[in-house]
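Asks:
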Amino acid sequence: MDCPKCSGEMVTKTHDGDISIERCRVCYGLLMEDYMLERMRDEWMAETFLDIGSASLGKKFDKIDNIKCPVCNIKMDKIVDPTQTHIWMESCPKCYRIFLDAGEFTDLKYETLSDKFKSLLKGKRK
Numbered sequence: 017m018d019c020p021k022c023s024g025e026m027v028t029k030t031h032d033g034d035i036s037i038e039r040c041r042v043c044y045g046l047l048m049e050d051y052m053l054e055r056m057r058d059e060w061m062a063e064t065f066l067d068i069g070s071a072s073l074g075k076k077f078d079k080i081d082n083i084k085c086p087v088c089n090i091k092m093d094k095i096v097d098p099t100q101t102h103i104w105m106e107s108c109p110k111c112y113r114i115f116l117d118a119g120e121f122t123d124l125k126y127e128t129l130s131d132k133f134k135s136l137l138k139g140k141r142k
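For the sequence shown, the residue numbers in this note's numbering are 17 to 142.
1. In terms of DSSP beta bridges, what is ARG39 paired with?
2. Among residues of its own chain, excluding the 5 on either side of ARG57, which ones have a beta-carbon nearer than 8 Å to its beta-carbon?
3. How long is the line joining the alpha carbons of MET92 and ILE103, rounded to whole angstroms?
4. With contact counted as at least three CB pairs below 8 Å, one residue from each stretch, are the segment 72 to 85 and the segment 104 to 111 in contact?
5. Below 8 Å CB to CB, which residues in the same chain sit around ILE90 once its five sequence neighbours on both sides are set aside?
6. Rank VAL42, TRP60, MET61, LEU66 by C-alpha distance to the C-alpha of MET48 and give the top, closest one.
7. Helix or strand or just coil, what does DSSP make of ASP81?
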């Protein structure tokens, strides 16, 4: 399967046997089923093993947002996290997989005071 952002190869990565995601070998973006995102948020240190790409690399690819689901080949919806609106994700309306750019999962897992400022600076998603 190819990455919807950079066309790099997506490879399966697992953590503790019950978490399984796809990670791009080039841009380090993450593709996962929606329930897996919640499972990862609850898992201690999951970000250390799964979200290994730099936030600066992810920021470059965050600008690419008109993408197709690599599983269903249909346009993914543009979504934001309700509490951290500076985190822009893409979601498949058919299979409900979510795509996160490198560094976004780590940012999503830990809500800090600086996240409020990031949300203000980034603005609303169009």
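Beta carbons are placed, not taken as given, at the ideal position from N, Cα and C, and that holds for glycine. Note that the structure is a prediction, hence the values are computed from the model and not measured.
Replies: So, to answer that:
1. VAL27, LEU46
2. LEU124, LYS125
3. Straight-line measurement puts the Cα of ILE103 at about 16 Å from the Cα of MET92.
4. yes
5. LYS84, CYS108, PRO109, LYS110
6. LEU66
7. coil
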